[in-house]
Amino acid sequence: MFVPFENLPLESKIWIYQSNRKFSDEEISEIEVALQSFLQNWSAHGTSLEASYQLKYNRFIILAVNQEVQNATGCSIDVSVQFIQGLEKKYNVDLLDKMNVTFKLGEHVAHKTLIDFKKMAKDKAVTENTIVFNNLVNSIEEWNENWEVPAGESWHSRFF
């Protein structure tokens, strides 16, 4: 069942999908409708999942599940990945490639391959102070505290 994101406990499990391009405002509106519909019916072993989402910077889709009510299981996670794959096809974007880095350049959100990001670090085009998106966080609490962090404080630090 879909619930407002702010109603989920901080321990709720999250999955972050970053797009290789910015979604248009029209696409975001369509994606919101699709997400609400999907989450309203998302279940694990016949039990409805208490779930929500966030869309950030017209580029990130964050799914969240209150695992205190019902754990997301392998099958339910597979169904969510299939939903994300459907969005990839519909909008001709890449949401599942984990070998990319998204970071801030001023107010602009940039997206580069890991190889390009390493080169930018070597060339000092990005620094340890560059804000990166750490999509490895696992809970809403971690997302609140450690999602947007200086590269030097995340797994990206190995490039400096």
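Taking the UniProt record's numbering, the leading residue of the sequence shown gets 1, the next gets one more, and so forth. Virtual Cβ for every residue (Gly too), placed ideally from N, Cα, C. Remember, predicted model here, so these are calculated numbers, not experimental data.
- The three-state secondary structure of tyrosine 53, taken from DSSP, is strand.
- Closest by C-alpha distance to lysine 90, out of Glu27, Trp155, Lys122, Tyr17, is Glu27.
- In this structure the stretch 4-24 lies against the stretch 94-106, because at least three pairs of beta carbons, one per stretch, are closer than 8 Å.
- Comparing C-alpha distances from alanine 151 to each of Glu141, Thr102, Ser139 shows the shortest one belongs to Thr102.
- In the three-state reduction of the DSSP assignment, asparagine 144 falls in the helix class.
- DSSP places histidine 156 in the helix class (H, G or I) of the three-state scheme.
- As computed with DSSP, alanine 64 is found in a beta bridge with Ile14, Ser52.
- Judged by beta-carbon spacing, valine 132 lies beyond the 9 Å limit of histidine 111, meaning their Cβ atoms are not closer than that value.
- The secondary-structure analysis by DSSP pairs serine 19 with nothing; it has no beta-bridge partner.
- Straight through space, the alpha carbons of glutamate 11 and phenylalanine 38 are spaced by roughly 22 Å.
- Partner residues in the beta bridge of leucine 105, as assigned by DSSP, are His108.
- The bridge partners DSSP lists for valine 132 are Phe103, Val149.
- A straight line joining the alpha-carbon of glycine 86 with that of serine 29 spans about 16 Å.
- Looking only at Ser52, Trp42, Asp25, the smallest Cα-Cα distance to isoleucine 140 is reached by Ser52.
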